[in-house]
Amino acid sequence: STAAFQPTPYFAAYGASKSFVLNFSEALAKEMEDYGVSVSCLAPGPTDTAFFDGVDPQRIDGGHFFRKSARADPSVVAQQGVELMLRGGMTHVVGAINRFMILGNRLAPRPVVAAISKHLLRPAAVKSDTV
């Protein structure tokens with residue numbers, strides 16, 4: 040998940056678990072490369088699956104990121120995952136927009152990234168004058 044690449048206020052356990060999976064996968068990939076074993080981690084971003092059943096994008100300030108039209112096609116995600124695995128790639132982020140956002144996360148100061156994430160992921164019922 041692209042949640043692995045930034046803090047995810049209001050989804051902290053989810054984001055932390057994805058960060059763990061990313062770091063664990065990349066560490067294992069380096070440990071196992073001398074044995075001819077590859078480990079790949081796919082970060083698809085929002086994908087049109089049952090994961091979003093029951094999620095109302097209107098209830099999240101940045102909900103436009105989760106609406107059906109913004110989700111990746113699962114067959115495209117699966118194809119890119121298979122290609123990643125077959126070429127022995129370590130990490131792949133699906134979608135140019137997701138890759139651009141992750142680049143921004145890496146370049147911006149961590150407090151700024153956390154504040155933006157908080158603003159985008161805040162439940163619509165929780166309002167504050169600060170970002």
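Its first residue numbered 40, the sequence shown is counted upward by one per residue in this note's numbering.
In this text, a Cβ means the ideal position worked out from N, Cα and C, and glycines have one as well.
This one's a predicted model, so the numbers in the text were calculated from it and none came from an experiment.
Give me the DSSP bridge partner(s) of V115.
Partner(s): none; V115 has no beta bridge.
By DSSP, does P162 sit in helix, in strand, or in coil?
In the structure shown, P162 sits in a strand (DSSP, three-state: E or B).
Would S58 and M129 be called neighbours here (beta carbons separated by less than 8 Å)?
Taking 8 Å as the Cβ cut-off, S58 and M129 do not qualify as a contacting pair.
Does DSSP put A147 in a helix, in a strand, or in coil?
DSSP, reduced to helix, strand and coil, places A147 outside both helices and strands of the structure shown, so it counts as coil.
Any idea if S156 is buried or exposed, counting beta-carbon neighbours within 10 angstroms, 16 or more meaning buried?
Burial call: buried.
Quick check: the Cα distance between L142 and Y74, rounded to an integer number of angstroms?
Approximately 31 Å, taken between the alpha carbons.
Could you give the uninterrupted runs of the alpha helix (DSSP H) lying entirely in the segment 43-73, keeping only those of 4 residues or more?
Taking only runs of at least 4 residues, the alpha helix (DSSP H) segments lying wholly in the segment 43-73 are 51-71.
Own chain, CB closer than 6 Å to A68, minus 5 neighbours either side, in chain order:
Once the five neighbours on either side are set aside, the close Cβ partners of A68 are V78 and M129.
Quick one: does V60 have its CB under 8 Å from some CB of chain D?
The displayed structure is made up of one protein chain only, and chain D is not part of it.
Please classify V78: does DSSP put it in a helix, a strand, or coil?
It is coil, neither helix nor strand.
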